[in-house]
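Participant: The structure under discussion is supplied below as structure tokens; questions concerning it will follow.
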Amino acid sequence: MKAEFWHERWEKGEIGFHQHEYNRYMQDFVDRLGVDTGDQILVPLCGKSLDMLWLAERGYQVIGIEISDRAVTDFFNENGLRCTIERKPGRNWYRGERIQILCADFFSVKKAELPPIDAIYDRASLIALPEEMRPVYVAHVGRLADRGITSLLVTLDYPQEEMRGPPFSVTPDEVRRLYGAQHECERLHSEDCLAREPRFRKKGLTRLHEHVFLLKKR
Ligand SMILES: C[S@@+](CC[C@H](N)C(=O)[O-])C[C@H]1O[C@@H](n2cnc3c(N)ncnc32)[C@H](O)[C@@H]1O
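Per this note's numbering, the sequence shown starts with residue 5, numbered consecutively.
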């Protein structure tokens with residue numbers, strides 16, 4: 005998926021991935037991240053996810069990374085949040101009180117540009133990427149995270165031949181293949197969610213599961 009694809013999705017408002025409620029799995033399992041008030045949670049490929057608000061309201065510092073300025077400005081405007089904007093070629097920092105979003109290509113972001121990260125929250129980020137990009141993404145996440153850092157990862161798993169992504173299907177086996185070498189991988193939850201996803205049923209899916217993983221970097 006090229007940047008253009010995502011810019012077009014944002015401009016046309018084709019953002020079916022955006023949730024209007026806080027993610028239930030995040031709420032159920034955030035404590036498993038082992039983070040304290042004031043800790044920094046990285047949200048890669050964050051879009052305008054409301055989950056960032058929830059995390060900030062819980063007292064965490066949120067650092068999002070997102071390629072679309074449109075998504076980031078929508079996030080601050082729609083939620084009535086003030087921010088300052090620091091503009092540099094290819095990377096704009098939007099800095100709010102507890103939420104900062106770096107608008108840049110995730111793959112170009114260096115660890116030194118970010119505050120020290122305590123945990124990572126990935127919902128609809130890994131699964132937004134085609135198969136060949138997923139190992140590149142996981143390697144890059146690995147470069148930004150120190151040993152001991154925990155991640156909460158939510159994936160979708162469905163018969164890939166029934167629908168073209170994104171979102172792409174990422175099975176629990178693939179999560180273990182991608183993360184296993186550097187992380188302890190614990191599956192926290194799996195759920196059949198086809199019944200409550202009419203947009204995917206309409207696209208012809210006959211099976212759809214969500215999986216939640218806790219990953220701890222060794
Ligand atoms: C499927 S959406 C998920 C957004 C968010 N995680 C959520 O739960 O709503 C994927 C997001 O990744 C952004 N994105 C895609 N490629 C990116 C890249 N290389 N760097 C930064 N953001 C990217 C897109 O603009 C889009 O907002």
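All C-beta atoms, glycine included, are put in the ideal place defined by N, C-alpha and C.
Would you mind working out which of P119, E82, N27 and G84 sits nearest W97, comparing C-alpha positions?
Facilitator: It is P119.
Participant: Starting from the C-beta of C87, find all residues in its chain whose C-beta is less than 6 Å away, skip the five residues before and the five after it, and write them out in chain order.
Facilitator: Closer than 6 Å at the Cβ level, and outside the excluded window around C87, lie F80, Y98, R99 and G100.
Participant: Pull up the CB-CB distance for V76 and I105, whole angstroms please, since I reckon it's below 8 Å.
Facilitator: About 5 Å; that satisfies the 8 Å criterion.
Participant: Taking CB distances under 8 Å as the criterion, tell me whether I67 reaches chain C.
Facilitator: Absent here is chain C; the protein component of the structure consists of one chain.
Participant: Tell me which residues share the same chain as S194 and place their Cβ nearer than 8 Å to its Cβ, disregarding the 5 neighbours each side in the sequence.
Facilitator: Result list for S194: P176, H213, E214, H215 and V216, in chain order.
Participant: Quick check: what's the CA-CA separation for E135 versus L85?
Facilitator: Taking the straight line from one Cα to the other gives about 36 Å.
Participant: DSSP state of L156, grouped into three classes?
Facilitator: Three-state result, L156: strand.
Participant: What does the alpha-carbon distance come out to for the pair V66 and V39?
Facilitator: Roughly 12 Å separates the two Cα atoms.
Participant: If we count the other Cβ atoms within 10 Å of its Cβ and call it buried at 16 or more, is H24 buried or exposed?
Facilitator: It counts as exposed.
Participant: State yes or no: is the C-beta of L49 within less than 8 Å of the C-beta of E70?
Facilitator: Yes. Within cutoff.
Participant: Rounded to whole angstroms, what is the Cα-Cα separation between G42 and Y64?
Facilitator: Cα to Cα, G42 sits roughly 5 Å from Y64.
Participant: Could you give the distance in angstroms between the alpha-carbon of R180 and the alpha-carbon of V174?
Facilitator: Roughly 10 Å between the two C-alpha positions.
Participant: Give me the Cα-Cα distance between V47 and G208, rounded to the nearest whole angstrom.
Facilitator: Whole-angstrom Cα-Cα distance: 30 Å.
Participant: To the nearest angstrom, report how far apart L192 and K16 are at their CA atoms.
Facilitator: Computed Cα separation, rounded: 35 Å.
Participant: Kindly indicate which three-state DSSP category T41 falls into: helix, strand or coil?
Facilitator: Three-state DSSP puts T41 in coil, outside helix and strand.
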